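Novice:
Number of protein chains: 2
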Amino acid sequence: MSPSAVSSTPSPGVQASELTASAVAQKIGASANLQPLDASKLIFTKTQTPMAVPEPGDPIIATSSQCTDHMITAVWDSTVGWHAPKLQPYGNLSLPPTASVLHYATECFEGMKMYRGYDGKLRLFRPDANCKRMLVSATRISLPAFDPSELEKLIKAMIAIDGPKWLPKSRPGTSLYLRPTMIGSAGALGVSTPKEATLFVISTFMPNLSKPKGLRLLASQNGIRAWPGGFGYAKVGANYGPSLMANGEAISRGYDQVLWLLNGMVTEAGASNFFVVWRTREGVIQLVTAPLEDKIILDGVTRRSILQLARERLTIEVVERAYTMDEIVDAIKEKRMIEAFAAGTAYFVCPVSAINYRDQDWQIPMNQGDSGDYAALIKSWLMNIMYGRDEHEWGVVVEENEEL
Amino acid sequence: MSPSAVSSTPSPGVQASELTASAVAQKIGASANLQPLDASKLIFTKTQTPMAVPEPGDPIIATSSQCTDHMITAVWDSTVGWHAPKLQPYGNLSLPPTASVLHYATECFEGMKMYRGYDGKLRLFRPDANCKRMLVSATRISLPAFDPSELEKLIKAMIAIDGPKWLPKSRPGTSLYLRPTMIGSAGALGVSTPKEATLFVISTFMPNLSKPKGLRLLASQNGIRAWPGGFGYAKVGANYGPSLMANGEAISRGYDQVLWLLNGMVTEAGASNFFVVWRTREGVIQLVTAPLEDKIILDGVTRRSILQLARERLTIEVVERAYTMDEIVDAIKEKRMIEAFAAGTAYFVCPVSAINYRDQDWQIPMNQGDSGDYAALIKSWLMNIMYGRDEHEWGVVVEENEEL
């Protein structure tokens, strides 16, 4: 067993997968005598060794390790609160071997992208949703609170600097991945709430993860990703490392990802939300995905956006409910399955072509060859918002600082 | 959602909470064309800035952050395997912000101690058990395999150097905590098996965690530590950070730790194994603890040692089975509860005086005032082995290098 300090301050009790404004205010107010995260205090140090932007096709892109010139960092400690954030040259972090994050997984993150629009503008997609979820995740993993709108300002400050160079106007329709992260950086081996934390934001190139032949999923048989009373709804590291073993098994058997089941119910595909479109036995076409109430699955921003657009623009039924793999098999057997897809920031909207369940492959229709109709339609709606073809409140234009 | 590289190598499939020699050989053989971890290649660099050893009572001891002069490090990568390990001055680690461990909790560790015996000798307690469990944990979290006996040699090499100074012969009956750790240090944001890992071993001072009035536990009501098909049996970071929120709530309500329940069954106390001694309704005295089969609880070295000594030396029944909090309450109501204790490396054998269950405090007898009889007896047996009063194969003497 490990030691556990008994003198630590209790962690805040907010667990909701979506925070209301009042809950945020309450959380931040709870540490009223500590300095809040304040983007207006940003200290800017420009890199003296700018890096080269890789050309499309450069093999470094596939490594997901090429970052841009700068990063945001902000340190919190339990006596001062948030110190002034910094925009500084990208570089390694120096951590004591006793740092909480290296032992106890006191870490959470967000996945988002910046998009270079066809109109030349740089956009984020619903950054407020990511920043609020980051607070939910930080709270769940006993890391400090912050005002999500301050995090959003810091993200914008960084991409205002790195966007013009790294996502140039000459490459409309492309994106860069953004990774806000918070870690427990206090050096102390007691199992307790970290007394120091470091927030950082980096931006990387990502390989194209789309699957022209559709994702092939291996339904989990023994392993589970998350459970009631756990932390499946939070974007914390503890949901990812433990999933790699099952993911490795899926890949070794010729599949792309695990379709995570819990007591036979379908939850997530890999680290993405999962949707099916089927016809009920009564003939009603439904878009179905797992619900948020039991806190098993991530409250995906793409998931939420798909549900809202489908409700606004489609005439099919949109249903959030617990459903089972057996229901999917029945729909396939009875030729009622229309399509299925995974959805999230990195994989975006990714059609699913097959699911292996109890050692049997079940084919899912993709009636456009590389996609089903609904996935293709929804994907186009989202891309039009992200890349500025449709004006929409979810596509947030970021002012760029091209002087620097 | 997060990206997930589909080209990663599958992680090995060993999941057993105890590895047989053949399983270890198979795991290491699986990467036959990679260099194995080899303690005989150790490269030694002595510190040029030795630190002062804190006196007993120095406040730094309570911070669990004062390490000794040296640390072991060893880097593995997916093309070479294990590079030559180093014994080097204690210092910070430099990690890219994209390092797997900071995002995906690809981390595992061990907790052990070195003991300065009353006979002047330095001992480890069953280090082979910790090193084997470290391999189990590394496998579960998709970190590379190694021969546990090589890790044991590295640990011994470090304490041979730091033991004489940091745990001097003038302080018999004291101990220092040892923390072997492995992290995914590869800088790449794809959710995949890390292509680089770093093993390190550090040693720290720990505050005395004993509770003269006994541990007061708060039984979990909604939160759950581990689940069948999960990873509760492995010493991975993902079991610790998510528990801090409930632990903080317990402390804020005046308790020391959470007693983790799963469907009403008793699993662990904080990050320790949990034991009760009761009289059955038939009048039989039993020592009871949760079983390992369902892989919910950690296969504690202290747990395993207590069970074995109790079976060898006591006449009471020793039972590993699933049991419920309701059974504990019944035993207390019917005055059949004799005592309870938590057990692990850091808390050692720690008597429990109270459990809050469904908002009601249930008192547990401690008939020696600060302990029950069985906990006191078992603790004395273990201490006699650790501190060399009893010659026993579990107390492994480490040769010290007092020249350096």
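Those sequence lines, one after another, are chains A and B. Take the first sequence: its position 66, counting from 1, is numbered 66 in this note's numbering, and each next residue is one higher. Take the second sequence: its position 266, counting from 1, is numbered 1266 in this note's numbering, and each next residue is one higher. C-beta atoms are modelled at their ideal positions from N, C-alpha and C, and glycine is treated no differently. For clarity, every value in this text was computed on a predicted model and none was experimentally measured.
Answer yes if the stretch 256 to 272 of chain A comes into contact with the stretch 322 to 332 of chain A, meaning at least three C-beta pairs across the two stretches below 8 angstroms, and no otherwise.
Specialist: Output reads yes: the stretch 256 to 272 of chain A touches the stretch 322 to 332 of chain A.
Novice: Identify the residues that DSSP records as bridge partners of A:Gly100: which are they?
Specialist: It should be noted that the sequence gives Ser, not Gly, for residue 100 of chain A. DSSP output for A:Ser100 lists no bridge partner at all.
Novice: What number of angstroms, rounded off, separates the C-alpha of A:Gly283 from the C-alpha of A:Val277?
Specialist: Each residue's Cα considered, the two are about 12 angstroms apart.
Novice: Given that A:Ser192 touches chain B, what residues does it touch there, using C-beta distances under 8 angstroms?
Specialist: Under the 8 angstroms cutoff, chain B gives Leu1244, Asn1247.
Novice: For the beta strand (DSSP E) holding B:Ile1183, just list the boundary residues, first then last.
Specialist: 1175 to 1184 is the extent of the beta strand (DSSP E) around B:Ile1183.
Novice: Determine the closest residue to B:Ala1103 out of B:Glu1152, B:Gly1187, B:Leu1122, with distance taken between C-alpha atoms.
Specialist: The amino acid occupying residue 1103 of chain B in the given sequence is His; Ala does not appear at that position. When each option's Cα is compared against that of B:His1103, the closest is B:Gly1187.
Novice: Consult DSSP for A:Asn273 and reduce its assignment to one of helix, strand or coil.
Specialist: Here A:Asn273 sits in strand by DSSP.
Novice: Would you say B:Ala1343 and B:Ile1285 are within 8 angstroms of each other, going by their C-beta atoms?
Specialist: Cβ distance not < 8 angstroms, so B:Ala1343 and B:Ile1285 don't count as in contact.
Novice: Using a beta-carbon distance below 8 angstroms, is B:Asn1092 in contact with chain A?
Specialist: Output row for B:Asn1092: interface = yes.
Novice: Any C-beta of chain B within less than 7 angstroms: which residues of the stretch 105 to 139 of chain A qualify?
Specialist: So the close ones are Ala105, Thr106, Glu107, Phe109, Gly111.
Novice: Residues of the stretch 1155 to 1168 of chain B in Cβ contact with chain A at a cutoff of 7 angstroms, in chain order, please.
Specialist: If the cut-off is 7 angstroms between Cβ atoms, the stretch 1155 to 1168 of chain B has nothing near chain A.
Novice: Considering only residues of the stretch 1119 to 1160 of chain B, which uninterrupted beta strand (DSSP E) runs meet the minimum length of 3 residues and lie entirely inside it, listed in chain order?
Specialist: Those beta strand (DSSP E) runs which fall completely within the stretch 1119 to 1160 of chain B and span 3+ residues are 1122 to 1125.
Novice: Going along the stretch 45 to 76 of chain A in order, which residues come within less than 9 angstroms of chain B, judged by CB to CB distance?
Specialist: Flagged, chain order: Ala62, Thr63, Ser64, Ser65, Cys67, Met71, Thr73.
Novice: Could you say which of B:Ser1064, B:Pro1097, B:Asn1222 lies nearest to B:Asp1359 if we only look at CA atoms?
Specialist: Closest by alpha carbon: B:Asn1222.
Novice: Check whether chain B comes within 8 angstroms of A:Arg358, counting only Cβ atoms and requiring the distance to be less than that.
Specialist: A:Arg358 does not count as touching chain B.
Novice: Taking only beta-carbon atoms, is B:Val1101 less than 8 angstroms away from chain A?
Specialist: Yes, B:Val1101 counts as interfacial toward chain A.
Novice: Between the Cα of B:Ser1170 and the Cα atoms of B:Glu1055, B:Asp1294, B:Met1051, B:Ser1210, which residue gives the shortest distance?
Specialist: Nearest of B:Glu1055, B:Asp1294, B:Met1051, B:Ser1210 to B:Ser1170, Cα basis: B:Glu1055.
Novice: Within the stretch 227 to 303 of chain A, note down every full alpha helix (DSSP H) run reaching 4 residues or more, in order along the chain.
Specialist: Within the stretch 227 to 303 of chain A, the complete alpha helix (DSSP H) runs of at least 4 residues are 244 to 252.
Novice: Tell me whether A:Ile385 sits in a helix, a strand or coil according to DSSP, three-state version.
Specialist: A:Ile385: helix per DSSP, three-state reduction.
Novice: Helix, strand or coil for B:Arg1116, going by three-state DSSP, please let me know.
Specialist: Residue state, collapsed to three classes: strand.
Novice: Among B:Arg1123, B:Val1075, B:Pro1085, which has the Cα closest to the Cα of B:Met1386?
Specialist: The shortest Cα separation from B:Met1386 among B:Arg1123, B:Val1075, B:Pro1085 belongs to B:Arg1123.
Novice: From the DSSP output, in three-state form, read off B:Ile1202 for me.
Specialist: In this structure, B:Ile1202 counts as strand in the three-state DSSP scheme.
Novice: When you compare the CB of B:Ser1142 with every CB in chain A, is at least one pair closer than 8 angstroms?
Specialist: With 8 angstroms as the cut-off, B:Ser1142 counts as an interface residue toward chain A.
Novice: Which value, in whole angstroms, describes the spacing of the CA atoms of A:Val14 and B:Pro1242?
Specialist: Here A:Val14 scores only 36 on pLDDT, less than 50, and its place in the model is too uncertain to base an answer on.
Novice: In chain A, what lies closer than 7 angstroms to B:Asn1222 by C-beta?
Specialist: Residues of chain A passing the Cβ test: Gly229.
Novice: Count the other C-beta atoms from every protein chain shown that fall within 10 angstroms of the C-beta of B:Lys1156, then say buried if there are 16 or more, exposed otherwise.
Specialist: It is buried - the Cβ of B:Lys1156 has at least 16 other Cβ atoms within 10 Å.
Novice: Secondary structure at A:Gly57, three-state DSSP: helix, strand or coil?
Specialist: A:Gly57 falls in the coil class under three-state DSSP.
Novice: My output table needs one value for A:Lys86: the three-state DSSP class, helix, strand or coil.
Specialist: Here A:Lys86 sits in strand by DSSP.
Novice: If you drop the 5 nearest sequence neighbours on each side, which residues of the same chain put their C-beta closer than 8 angstroms to that of B:Pro1085?
Specialist: Excluding positions up to five away in sequence, the list reads Leu1037, Asp1038, Ala1039, Lys1041, Leu1042, Ile1043, Ile1072, Thr1073, Ala1074, Leu1154, Leu1199.
Novice: Quick one: residues in its chain with C-beta nearer than 8 angstroms to the C-beta of A:Ile60, no 5 flanking neighbours on either side, listed in chain order?
Specialist: So the list reads Pro54, Gln66, Phe205, once near-sequence residues are dropped.
Novice: Considering A:Asp390, what are the terminal residues of the alpha helix (DSSP H) in which it resides?
Specialist: Careful: A:Asp390 lies outside any alpha helix (DSSP H) and carries neither H nor E.
Novice: If you draw a straight line from the C-alpha of B:Ala1354 to the C-alpha of A:Tyr347, how long is it?
Specialist: In a straight line, the C-alpha of B:Ala1354 is about 50 angstroms away from that of A:Tyr347.
Novice: Would you call the CB atoms of B:Pro1144 and B:Asp1128 closer than 8 angstroms?
Specialist: Not closer than 8 angstroms, so no.
Novice: Between B:Val1236 and chain A, is there a C-beta pair that is closer than 8 angstroms?
Specialist: Yes, contact with chain A.
Novice: For a contact defined as C-beta to C-beta under 8 angstroms, what are the partners of A:Ile183 on chain B?
Specialist: Simply Leu1102.
Novice: In its own chain, which residues sit with a C-beta less than 6 angstroms from the C-beta of A:Tyr177, not counting the 5 before and 5 after it?
Specialist: So the qualifying residues of the chain are Lys113, Thr204, Met206.
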